[in-house]
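One structure below.
Number of protein chains: 2
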Amino acid sequence: MPEASPNRPAPVRPRTPKPRTRRGQDTRDSLIKAAEAVIGEVGFAAASIADITRRAGIAQGTFYIYFQSKDEVFRELVLEMGKLTRGFLADAVADAPDRLTAERRGLRAFLSFVAERPALYNIVMEARFVAPDAYRAYYTTFARGYAQNLAAAAHEGEIRDGDAEVRAWALMGMAVTLGERFAIWESEVDPDALVTEVFDMLERGLRP
Amino acid sequence: MPEASPNRPAPVRPRTPKPRTRRGQDTRDSLIKAAEAVIGEVGFAAASIADITRRAGIAQGTFYIYFQSKDEVFRELVLEMGKLTRGFLADAVADAPDRLTAERRGLRAFLSFVAERPALYNIVMEARFVAPDAYRAYYTTFARGYAQNLAAAAHEGEIRDGDAEVRAWALMGMAVTLGERFAIWESEVDPDALVTEVFDMLERGLRP
Chain A
1 MPEASPNRPA
11 PVRPRTPKPR
21 TRRGQDTRDS
31 LIKAAEAVIG
41 EVGFAAASIA
51 DITRRAGIAQ
61 GTFYIYFQSK
71 DEVFRELVLE
81 MGKLTRGFLA
91 DAVADAPDRL
101 TAERRGLRAF
111 LSFVAERPAL
121 YNIVMEARFV
131 APDAYRAYYT
141 TFARGYAQNL
151 AAAAHEGEIR
161 DGDAEVRAWA
171 LMGMAVTLGE
181 RFAIWESEVD
191 PDALVTEVFD
201 MLERGLRP
Chain B
209 MPEASPNRPA
219 PVRPRTPKPR
229 TRRGQDTRDS
239 LIKAAEAVIG
249 EVGFAAASIA
259 DITRRAGIAQ
269 GTFYIYFQSK
279 DEVFRELVLE
289 MGKLTRGFLA
299 DAVADAPDRL
309 TAERRGLRAF
319 LSFVAERPAL
329 YNIVMEARFV
339 APDAYRAYYT
349 TFARGYAQNL
359 AAAAHEGEIR
369 DGDAEVRAWA
379 LMGMAVTLGE
389 RFAIWESEVD
399 PDALVTEVFD
409 MLERGLRP
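Residue numbers (the working numbering), protein chains in the order written: chain A, 1 to 208; chain B, 209 to 416.
Take a look at the structure:
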């Protein structure tokens with residue numbers, strides 16, 4: 001996949017304008033949902049536009065009113081999933097009394113999210129190869145919000161001072177890998193116990 | 209890619225026996241090195257066996273003495289890369305006086321490794337889709353050794369007690385994502401400063 005290599009991202013074409021009518025928006029949403037189901041199931045390469053329109057119950061030609069290509073619907077799907085994940089986590093931590101509690105609840109919620117919707121997780125991972133710009137936007141947007149929260153918490157004295165951006169990427173990486181290992185591959189560890197272990201290290205550090 | 213979907217791993221066929229002669233081993237090694245160069249450059253899907261043998265300077269038919277398929281050479285490549293990475297990191301931390309120093313040096317060495325050989329990093333990431341069994345073996349083998357080191361260090365009182373396996377996965381995830389963000393995408397942050405920041409959090413924790 002030369003043009004989708006992470007070293008040479010595909011040129012970003014202008015996105016097809018979003019529909020203006022309610023009905024158009026509904027059709028577009030159905031296509032994204034169908035793409036999620038089909039691509040999550042068989043992977044990007046094996047998924048065809050015909051599979052996606054069949055799943056959505058829409059004529060194949062209609063697809064091209066909303067998207068130029070399978071690439072474009074995939075990219076939109078990754079963007080949608082970013083919003084969905086951020087919204088889900090924001091809700092999970094909304095009434096946390098302080099940042100450390102928010103961190104703990106956020107990790108717990110992320111593990112549940114991954115366990116319940118492994119297809120979403122797989123799609124983001126596949127985006128690294130299929131739509132590297134969308135993959136990067138997914139994590140960069142996430143990190144930006146995360147770093148703002150960490151910086152605000154350090155300012156308020158809820159956590160120790162430190163580089164919020166570096167911390168945000170480190171903590172995201174931790175969550176992503178713990179999600180793959182303990183929520184997708186095997187879940188022999190109780191997620192609450194897992195979060196308690198991780199937070200013992202994060203809150204108090206490894207130093208004896 | 210239905211048979212390579214992370215949800216439905218490809219059936220693992222018996223590996224082609226390794227050659228017994230020195231010359232055979234050299235040819236096999238050349239094919240793996242050529243596969244690394246070609247797949248690292250264009251991705252697994254676009255790489256052909258003809259590209260790999262051309263790069264290795266070997267007749268195409270000879271490939272099949274050593275490997276059954278592009279899948280098999282890829283899987284062997286991921287296994288080789290696991291050994292290489294583990295060896296590189298073991299060397300980097302060999303004379304560290306204690307575990308926290310070893311952790312710090314290990315992360316620093318990993319970031320250098322990723323910056324110098326991004327193709328290796330990309331191949332492991334692509335393995336998630338192309339050879340999920342090899343991808344999983346890569347991380348599981350890594351985590352096993354890492355957890356043993358952490359458990360031994362806790363036993364010796366060099367770090368606080370805690371679940372070594374959970375910690376190993378959390379720390380690996382952190383390193384992988386920091387590598388992608390700061391060693392592959394952009395390196396505007398000095399790697400020593402990055403490691404110092406991350407270790408401030410890991411050693412002392414986030415609690416104020």
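Glycine residues also receive a C-beta, built at the ideal position from the N, C-alpha and C atoms.
Item	Value
Residue burial classification, residue 64 (chain A) (beta-carbon count within 10 angstroms, cutoff 16)	exposed
Given residue 350 (chain B) as reference, the closest of B:381, B:368 and B:411 once Cα atoms are compared	B:381
Within 8 Å, strictly: CB atoms of residue 166 (chain A) and residue 406 (chain B)	yes
Residue 151 (chain A) to residue 318 (chain B) span [Cα, whole Å]	27 Å
Same chain, Cβ closer than 7 Å to residue 322 (chain B), neighbours up to 5 away in sequence not counted	329, 387, 391 and 392
Residues near residue 243 (chain B) by beta carbon distance below 6 Å, same chain, minus five either side	260, 281 and 285
Alpha-carbon spacing of residue 302 (chain B) relative to residue 310 (chain B), whole angstroms	8 Å
Selection of the segment 29 to 53 of chain A by Cβ proximity to chain B, strictly under 9 Å	40, 41, 42, 43, 44, 45 and 46
Closer than 8 Å at the beta carbon, the chain B residues around residue 170 (chain A)	382, 385, 386, 406 and 409
Complete alpha helix (DSSP H) runs within the segment 29 to 86 of chain A (minimum length 4 residues, chain order)	49 to 56 and 63 to 66
Under the three-state DSSP convention, the category residue 395 (chain B) falls into	coil
Simplified DSSP assignment, three categories, for residue 367 (chain B)	coil
8 Å Cβ cutoff met for residue 116 (chain A) and residue 44 (chain A)	no
Chain A contacts from the segment 352 to 371 of chain B (Cβ-Cβ distance under 8 Å)	365, 366, 367, 368, 370 and 371
Under 7 Å from the C-beta of residue 375 (chain B): neighbouring residues of chain A	201
Where residue 132 (chain A) sits in the DSSP three-state scheme	helix
Within chain B, the residues that residue 194 (chain A) reaches when beta carbons sit closer than 7 Å	374
Three-state class that DSSP yields for residue 223 (chain B) in the structure shown	coil
Straight-line Cα distance separating residue 83 (chain A) from residue 67 (chain A)	19 Å
Enclosing alpha helix (DSSP H) for residue 309 (chain B) [first to last residue]	307 to 324
Pairwise C-alpha distance: residue 341 (chain B) and residue 348 (chain B)	10 Å
Test: residue 81 (chain A) CB closer than 8 Å to a CB of chain B	no
CB contact check: residue 129 (chain A) to chain B, cutoff 8 Å	yes
Cβ separation of residue 345 (chain B) and residue 376 (chain B), assumed to be a contact under 8 Å, to the nearest whole Å	Actually they do not touch by this definition, with Cβ atoms about 15 Å apart.
Chain A contact for residue 334 (chain B) (CB, 8 Å cutoff)	yes
For residue 267 (chain B) and residue 368 (chain B), the rounded distance between their alpha carbons	56 Å
Classification of residue 389 (chain B) by the beta-carbon crowding that lies within 10 angstroms, buried from 16 upward	buried
For residue 384 (chain B) and residue 298 (chain B), the rounded distance between their alpha carbons	17 Å
Selected residue, minimal CA-CA separation from residue 105 (chain A), among A:112, A:92, A:98 and A:97	A:92
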